[in-house]
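Trainee: First the structure, which I've put down as structure tokens, then a few questions once you've had a look.
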Amino acid sequence: MVKKCPLCGSNEIRFLVKPYRGGSIYVCGSCGNATTYPLPVVSYLEDSFFDLPADEFNTYRTYAGQITDFISEHISKGSLLDIGTGAGFLLEAAQKRGFAATGIDPSGPAVSFCRTRKLKVLQGYFEKYAFKSRKFKIITCCHVLEHVTEPEKFIAKIKKILDRNGYLFLAQTNYQGTIPHLLGRFWEGWVPREHRYHFSPEGIEDLLLRNGMRIKVLDIIPLGYTAVWRKGNGPIIRGNIYNLLNYIISKFKIGFPFVGDQMYVLAEKL
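Those letters in the sequence shown? Residues 15 to 284, by our numbering.
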């Protein structure tokens, strides 16, 4: 079991839930974040790339558009770095809104796929990449922080390569949302074989403050499940029954008050 919070060092640890996919989740009573036990060992093969079916491209493009719409409400055009850019949908959306967008990803096939679409992408791990004197107006990190071995060092590096008035955007799951409370161990946001950490609104604020960043805007929204989608002339079910339950609760906002299980966080340097 977890005896000490790896994020803040507190001993105020208690068992939270045992996800149906395996493992256990322990929550810190001090910082409010949670940890998977045993910690997953995620080997990201640099030659791997998770292909998306063509009919899912629009879903991801829509999601990327929502994120860049959110960012554009608060930040004017400038240089943008997207960490873990994958297929590059966020880069495409950011470029359309006038940002000078660059991505970074360790996957060779993903980088090649982006470059065939004339997107500017660096290959490598963000933690190891030498940016030298380069600075960015905004750095985006969408559902990446939960995979990172050392989040504090990760955020410290982000802060270092941000402009003096730069911003960090995070998209993270919120384990304190309505859906996790209703579904418990069957919440689709529990991915114990891949996610080392799980964040709450208070917890992400604590992590950022301890590393010299302050939240400017925090939006809590539904994660946006796609358990039901259309193919041909009719709807079909995609995924397992638990994902369908997640979808239904999210779609119809079952539970009062309804609290989303995803956070959009915009943070600024202190």
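Note that the Cβ used here is the ideal one computed from N, Cα and C, for glycine as well. Predicted model only: the values in this text are computed from it and were never measured.
Just mark E106 as buried or exposed, buried being the case when its beta carbon has 16 or more other beta carbons within 10 Å.
Mentor: Here residue 106 corresponds to residue number 92 of the sequence shown, with the count starting at 1. Buried: at least 16 other Cβ atoms inside 10 Å.
Trainee: Taking K230 as the reference, which of Y34, Y211, G180, E202 has the closest Cα?
Mentor: Residue numbering aside, residue 230 sits at position 216 when the sequence shown is read from its first letter. Closest option to K230, Cα to Cα, is G180.
Trainee: As a quick exercise: from E202, R224, V273, pick the residue whose alpha carbon is nearest that of T236.
Mentor: Counted from its first residue, the sequence shown places residue 236 at position 222. For the record, residue 236 in the displayed sequence is Pro; it is not Thr. Closest option to P236, Cα to Cα, is V273.
Trainee: Going by Cα to Cα distance, which pick from L136, V55, N72, Q276 is closest to L95?
Mentor: Position 81 of the sequence shown, counted from the start, is the residue given in the question as residue 95. For L95, the nearest C-alpha among the options comes from L136.
Trainee: Excluding the 5 residues preceding and the 5 following R217 in the sequence, name in chain order all residues of the same chain whose CB lies nearer than 7 angstroms to its CB.
Mentor: Counting from 1 along the sequence shown, the entry for residue 217 is found at position 203. Before going further, note that residue 217 is Gly rather than Arg in the sequence given. Taken in chain order, the residues that qualify are C45, G46, N47.
Trainee: In whole angstroms, give me the CA-to-CA distance for T82 and S147.
Mentor: Taking the first residue of the sequence shown as 1, we reach residue 82 at position 68. Taking the first residue of the sequence shown as 1, we reach residue 147 at position 133. If you take the alpha carbons of T82 and S147, they lie about 26 angstroms apart.
Trainee: If you measure between the beta carbons of F29 and Y74, is that distance less than 7 angstroms?
Mentor: Within the sequence shown, residue 29 is the residue found at index 15, counting from 1. Within the sequence shown, residue 74 is the residue found at index 60, counting from 1. Not closer than 7 angstroms, so no.
Trainee: Comparing alpha-carbon positions, which option in L221, I39, N72 lies nearest I169?
Mentor: The count along the sequence shown starts at 1 and reaches residue 169 at position 155. Among L221, I39, N72, the Cα nearest to that of I169 is on L221.
Trainee: Following the continuous beta strand (DSSP E) through I229, name the residue where it begins and the one where it ends.
Mentor: Looking up residue 229 in the sequence shown gives position 215. Taken as a continuous stretch (DSSP letters only), the beta strand (DSSP E) holding I229 covers 227-235.
Trainee: Does DSSP classify G246 as helix, strand or coil?
Mentor: The count along the sequence shown starts at 1 and reaches residue 246 at position 232. The predicted model places G246 with a pLDDT of 42, which falls under 50 and marks its position as unreliable; any figure quoted below should be read in that light. DSSP places G246 in coil when its eight states are reduced to three.
Trainee: Within 10 angstroms of its Cβ, does H212 collect 16 or more other Cβ (buried), or is it exposed?
Mentor: Your numbering for residue 212 matches position 198 in the sequence shown. Buried is the call here.
Trainee: Just to confirm before moving on: does the CB-CB distance between L280 and H88 stay below 7 angstroms?
Mentor: For the purposes of this step, residue 280 is identified with residue 266 of the sequence shown, where counting begins at 1. For the purposes of this step, residue 88 is identified with residue 74 of the sequence shown, where counting begins at 1. Yes. Within cutoff.
Trainee: What does DSSP give as the partner residues of H212 in its beta bridges?
Mentor: Here residue 212 is taken as the residue at index 198 of the sequence shown, counted from 1. According to DSSP, which records beta bridges pairwise, H212 is partnered with A48.
Trainee: Work out the CA separation of F266 and M15 for me, nearest whole Å.
Mentor: Stepping through the sequence shown from its first residue, residue 15 is reached at position 1. Stepping through the sequence shown from its first residue, residue 266 is reached at position 252. M15 and F266: Cα-Cα distance of roughly 36 angstroms.
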